[in-house]
Each structure stands twice: as structure tokens, then as C-alpha cells.
Ligand code: CTP
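Numbering (the working numbering), first residue to last: 120 to 527.
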């Protein structure tokens with residue numbers, strides 16, 4: 120998974136994983152592993168059909184506990200477990216049914232209780248997520264469509280299947296979705312929703328300032344820190360919009376993305392949406408200057424005998440302009456990329472840009488700054504609180520920064 124999906128620290132939370140009969144059942148093993156990577160405890164139920172594709176032993180071997188394989192299972196001591204159908208509802212924070220076959224979808228939609236998983240789903244009082252996988256003709260059948268609609272009406276969190284080639288060789292909608300689409304939905308279901316109802320804008324990545332038909336002025340920002348800020352806010356319930364310079368990152372479908380290339384485009388995009396936002400976090404490494412364009416054609420080296428001088432125009436400071444136009448209640452987080460004087464620069468930029476919070480990172484130290492999964496930041500807020508954090512995963516830095524903003 121890409122770095123900005125690798126959130127962890129959900130210790131003490133439990134997810135119950137329901138697996139039903141689909142060729143995608145083997146992918147539930149990877150789902151189990153990814154949930155464990157987030158420090159979640161996972162229990163599981165395999166329907167009878169699921170056990171034609173994968174075994175309960177596989178899930179047990181990977182650490183799921185307990186694993187139910189039938190309505191009248193024995194527990195670890197060889198005793199019949201009379202309340203196995205109720206235990207997930209008592210103990211777990213979310214139920215994830217992945218993959219959900221057409222039959223399992225129908226069972227859940229109609230509230231049947233004729234196998235262990237359907238009973239557990241009926242008795243589950245917290246978020247229930249369903250991820251179908253099946254042949255495209257089965258997915259498009261009117262009965263499946265109706266069941267899907269019923270599940271939505273019943274309050275299930277429904278993740279649409281993907282389109283493309285499926286195991287039987289046909290093409291169409293019905294593929295099991297990407298892990299990166301599923302895991303964040305589960306993490307959101309078990310996260311505190313302390314940013315629910317908030318509209319959050321995040322800028323990220325570099326900008327690219329064109330000079331001629333093939334050359335541009337830019338920097339090595341990968342956009343990962345901003346993507347972590349965006350994802351952390353989304354997991355905590357926010358409605359998130361990202362204004363993204365050119366990056367190779369893929370974003371979760373829950374996040375709105377406005378792609379831009381230049382600082383001027385980023386400025387326009389941010390100001391278009393800013394009046395409606397509650398919070399902004401600017402992580403983008405915006406080029407402060409743009410080369411005065413040479414023209415639409417490729418510059419030929421023969422045109423310059425002795426070196427080359429390029430002139431630059433000044434780009435607007437996007438964050439500063441947002442800070443100047445902020446209305447009552449709007450909150451701003453800035454970043455500062457420095458090679459020295461982090462504390463002094465953080466103070467100067469916090470004041471100059473009218474921010475609530477600034478995170479200053481050294482870009483010349485190992486394990487901090489551009490292109491690495493960790494960051495070491497000095498944090499300063501407008502009430503004068505200062506903290507020097509140790510090197511942390513960017514996901515963790517992001518989580519803590521939202522925590523900190525909520526305190527200011
Ligand atoms: N920023 C911005 N628009 C710019 C420059 C910076 O929105 N044209 C934002 C960055 O996203 C970051 C903060 O301002 O949140 C600080 O950026 P940084 O590059 O550290 O500082 P600068 O303001 O460019 O100042 P300097 O070049 O003097 O370090």
C-alpha cells in the first residue's frame with residue numbers, strides 16, 4: 120500500500136471479518152494482514168461456501184481469533200460456543216463482509232439468520248461494511264441490484280465492486296475492489312469522528328512552472344505528507360478536498376481531488392473553494408518563482424553560445440493569501456521546509472501567514488523531508504506552545520497535527 124494508507128495505532132479496536140463464497144475469498148487473507156498492520160485485532164467467520172476457496176486454518180494461522188466456520192462451532196476448549204452469533208456484536212467495533220457473494224448479500228438484505236455470518240450481521244449494532252465480488256452478470260441481475268439498494272437503506276456502508284476482467288474471463292463490473300479502497304473505510308469506521316462535518320482543504324505536491332515546450336522548474340516534493348494529512352482528516356470524518364500538484368499518488372475515492380500544475384493554478388483552485396472551507400493545511404512545495412516563459416517551442420541549445428540566463432516572475436504566496444482572507448472560525452495549518460533555524464523560521468511564518476499552527480521540518484536531515492516515509496517536525500501554535508517531535512511516520516505526524524489543531 121502507498122505510504123498515506125499505512126495508518127496504525129488502532130490498538131484495542133476489533134474488527135470482525137466475514138468471508139463468503141467467491142474466488143476473491145483468498146484476498147480476505149491479505150485484508151486480515153493489512154488490518155493487523157494497523158494494530159487492529161481481527162476475528163473472522165467463513166461461510167460454508169467460503170471454505171471451498173480458503174480454510175479457517177489459514178485465517179487462524181495469520182492470527183485471526185476466534186475464527187468461526189459454522190453455526191455450532193466448538194470454542195478453543197472444545198466446548199460448544201452458544202453465543203458465537205452474538206460475540207462479534209458485543210466485542211467488535213466494525214463488521215467487514217469481504218468478499219460478499221450474491222447469496223450473502225441477499226441474506227444480509229433480507230435479514231436471514233440461517234448461517235453464522237448472517238446471524239452475526241443481524242446482531243451487529245455498529246458500522247457494517249459490505250464489499251461484493253461476483254460475476255458481472257450476477258452483479259447486474261435485478262435481484263442483486265435490489266439487494267444492494269436494500270443494504271444501503273439498512274445503513275450498510277457499501278463499497279462498489281470494480282470494473283474489469285473477472286476470474287471467469289468475462290469483463291464488467293463485479294471485481295473485488297483494491298485493498299486501498301477498502302482498508303481506509305474500515306479505519307474510518309473505527310476512528311474518532313472528531314472532524315465530522317468539517318470541510319478540509321489540503322494542498323500538496325510540487326508545482327511545475329513551464330519555461331519552454333519541454334522544460335519546467337520544480338522540486339522533489341512527493342506529496343506524501345499532504346496525502347497523509349488529507350487521509351487522516353478523512354478517517355476522522357472530515358469532508359476533504361485536495362489541491363494536488365503533479366504527483367504519482369493515488370487518492371481514495373472518498374477524497375475530492377483538484378489536480379493542478381502551476382502555482383497560479385493552485386492559487387486559483389484554493390481560492391475557488393476556500394470560502395466554503397473550515398480548515399486548510401498547506402503542505403505543497405509551491406515554487407516561489409516561475410521562469411519567464413521562453414515560448415511554446417523547444418529551446419535549442421544552439422540559440423545560446425555562452426551559458427543561459429533565465430528570468431523569473433514572483434508567484435503568489437497561497438497560504439499567506441488564505442491567511443489574509445480568513446473569516447471567523449477558519450483554521451490554518453502551514454508547513455515550513457528549512458535547512459536551518461527551524462524555530463525562528465516557524466515563528467516568522469506563523470505570524471506572517473496568520474496561522475493557527477505550523478509544522479517545520481528539516482529537509483536536509485536523514486529521515487525527514489522530501490521523499491521519505493518519516494518526518495521530524497518542530498510544531499508551534501499561535502498560543503505559543505512549542506513541541507519538538509521525534510522522527511515519526513508521516514501518517515503519525517498527520518494524526519498528531521490534527522489532534523494539536525483541535526486543542527488550539
Ligand atoms: N506556501 C504557499 N505558497 C507559496 C509558498 C509557500 O502556499 N508560494 C506555503 C507552503 O505550502 C507552506 C508554507 O507556505 O505551508 C511555507 O512554505 P516554505 O516554502 O517553507 O516557505 P516560504 O513561504 O516559501 O518562505 P522561504 O522561501 O523564505 O522559506
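Ideal placement from N, C-alpha and C gives every residue a C-beta, glycine not left out.
>> Between residue 377 and residue 364, how many whole angstroms is the CB-CB distance? I'm expecting something under 8 Å.
In response: In the chain shown, residue 377 corresponds to position 258, counting from 1. In the chain shown, residue 364 corresponds to position 245, counting from 1. At roughly 11 Å, the Cβ-Cβ gap does not stay under 8 Å, so residue 377 and residue 364 are not in contact.
> Out of curiosity, what's the CA-to-CA distance linking residue 451 and residue 399?
Replying inline: Looking up residue 451 in the chain shown gives position 332. Looking up residue 399 in the chain shown gives position 280. Computed Cα separation, rounded: 5 Å.
> Is there at least one non-hydrogen atom of the ligand CTP closer than 7 Å to the beta-carbon of residue 453?
Replying inline: Start at 1 with the first residue of the chain shown, and residue 453 comes out as number 334. Yes, the Cβ of residue 453 comes within 7 Å of a heavy atom of the ligand CTP.
> Any chance the CB of residue 407 is under 7 Å from a heavy atom of the ligand CTP?
Replying inline: Counted from its first residue, the chain shown places residue 407 at position 288. Yes, Cβ of residue 407 sits closer than 7 Å to a heavy atom of the ligand CTP.
> Cβ of residue 221 within 8 Å of Cβ of residue 263?
Replying inline: For the purposes of this step, residue 221 is identified with residue 102 of the chain shown, where counting begins at 1. For the purposes of this step, residue 263 is identified with residue 144 of the chain shown, where counting begins at 1. Contact flag set, yes.
>> How far does the beta strand (DSSP E) with residue 507 in it extend, from its first residue to its last?
In response: As a working note, residue 507 is residue 388 in the chain shown. Start and end: 505-507.
> Under 8 Å, do residue 494 and residue 511 count as touching if we go by C-beta distance?
Replying inline: Within the chain shown, residue 494 is the residue found at index 375, counting from 1. Within the chain shown, residue 511 is the residue found at index 392, counting from 1. A contact, by the Cβ cut-off of 8 Å.
> Just curious, the alpha helix (DSSP H) that residue 265 is in, first and last residue?
Replying inline: By one-based count along the chain shown, residue 265 stands at place 146. Per DSSP, residue 265 belongs to the alpha helix (DSSP H) from 261-272.
> What does a CB cutoff of less than 6 Å around residue 325 pick up in its chain, not counting 5 residues either side in sequence?
Replying inline: Within the chain shown, the letter at position 206 stands for residue 325. Excluding sequence neighbours, residue 325 sits near 337, 338, 340, 364, 404.
> How about the region 230-244 and the region 203-214: do they share at least three Cβ pairs that are nearer than 8 Å?
Replying inline: Contact between the region 230-244 and the region 203-214 is present: three or more C-beta pairs spanning the two stretches fall below 8 Å.
> For the beta strand (DSSP E) that residue 217 lies in, which residues bound it at each end?
Replying inline: Within the chain shown, numbered from 1, the residue matching residue 217 stands at position 98. Bounds of the beta strand (DSSP E) holding residue 217 are 213-219.
>> Contact between the region 439-459 and the region 349-369 is defined here as three or more beta-carbon pairs at a separation below 8 Å; is this criterion met?
In response: Because the criterion of three Cβ pairs below 8 Å is not met, the region 439-459 and the region 349-369 do not touch.
>> Let me confirm a value: residue 333 is counted as buried when at least 16 other C-beta atoms fall within 10 Å, else exposed. Which label applies?
In response: Here residue 333 refers to the residue found at position 214 of the chain shown. Exposed, since its Cβ has fewer than 16 Cβ neighbours within 10 Å.
>> Less than 8 Å between the C-beta atoms of residue 83 and residue 183, yes or no?
In response: Only positions 120 to 527 of the chain appear in this structure, which leaves residue 83 out of reach.
> Identify the residues that DSSP records as bridge partners of residue 389: which are they?
Replying inline: As a working note, residue 389 is residue 270 in the chain shown. According to DSSP, residue 389 bridges with nothing at all.
>> Report the CB separation of residue 254 from residue 285 in whole angstroms; it is logged as a contact under 8 Å.
In response: As a working note, residue 254 is residue 135 in the chain shown. As a working note, residue 285 is residue 166 in the chain shown. Right, their Cβ atoms sit about 6 Å apart.
> Is residue 307 helix, strand or coil when you go by DSSP?
Replying inline: Within the chain shown, residue 307 is the residue found at index 188, counting from 1. Three-state result, residue 307: helix.
> At which residues does the beta strand (DSSP E) containing residue 134 begin and terminate?
Replying inline: Residue 134 sits at position 15 when you count from the first residue of the chain shown. Per DSSP, residue 134 is one residue of the beta strand (DSSP E) stretching across 133-138.
> Taking residue 428 as the reference, which of 410, 438, 498 has the closest Cα?
Replying inline: On the chain shown, position 309 is the one that residue 428 refers to. Nearest of 410, 438, 498 to residue 428, Cα basis: 410.
> By how many angstroms is the C-alpha of residue 421 removed from the C-alpha of residue 330?
Replying inline: For the purposes of this step, residue 330 is taken as the residue at position 211 of the chain shown. For the purposes of this step, residue 421 is taken as the residue at position 302 of the chain shown. As the crow flies, the alpha-carbon of residue 330 is around 17 Å from that of residue 421.
> Rounded to the nearest angstrom, how far is the Cβ of residue 496 from that of residue 517, given a contact under 8 Å?
Replying inline: One-based indexing of the chain shown puts residue 496 at position 377. One-based indexing of the chain shown puts residue 517 at position 398. Contact flag wrong, Cβ pair sits at about 10 Å.
> Pick from 456, 526, 343, 487: whose alpha carbon is nearest that of residue 123?
Replying inline: Numbered from its first residue, the chain shown carries residue 123 at position 4. Nearest C-alpha to residue 123: 343.
> Is residue 178 helix, strand or coil when you go by DSSP?
Replying inline: Within the chain shown, residue 178 is the residue found at index 59, counting from 1. Judged by DSSP in its simplified three-state form, residue 178 adopts helix.
> Shortest alpha-carbon distance to residue 382 belongs to which of 174, 373, 401?
Replying inline: Counted from its first residue, the chain shown places residue 382 at position 263. Of the candidates 174, 373, 401, the one whose C-alpha sits nearest the C-alpha of residue 382 is 401.
> Closest to residue 320 by CA distance: which of 418, 303, 172, 357 is it?
Replying inline: Position 201 of the chain shown, counting from 1, holds the residue named residue 320. Closest option to residue 320, Cα to Cα, is 357.
>> Which of the three DSSP states is assigned to residue 440 in this structure?
In response: Taking the chain shown and counting its residues from 1, one reaches residue 440 at position 321. DSSP, read as helix, strand or coil, puts residue 440 in helix.
>> Looking only at its chain, what residues have a beta carbon closer than 6 Å to the beta carbon of residue 500, apart from the 5 residues adjacent to it on each side?
In response: The residue given as residue 500 occupies position 381 in the chain shown. Cβ within range, chain order: 476, 527.
> Distance, Cα to Cα, residue 275 vs residue 223?
Replying inline: In the chain shown, counting from the first residue as 1, residue 275 sits at position 156. In the chain shown, counting from the first residue as 1, residue 223 sits at position 104. Cα-Cα distance, rounded: 13 Å.
>> Assuming residue 146 and residue 243 are in contact, meaning their beta carbons sit under 8 Å apart, how far apart are those beta carbons, in whole angstroms?
In response: The sequence position of residue 146 within the chain shown is 27, counting from 1. The sequence position of residue 243 within the chain shown is 124, counting from 1. Between residue 243 and residue 146 the Cβ distance is about 22 Å, and since that is not below 8 Å, they are no contact.
> Once you ignore the five residues that flank residue 415 on each side, which residues in its own chain have a CB closer than 7 Å to its CB?
Replying inline: The residue you call residue 415 lines up with position 296 of the chain shown. Same-chain partners within the cutoff: 332.
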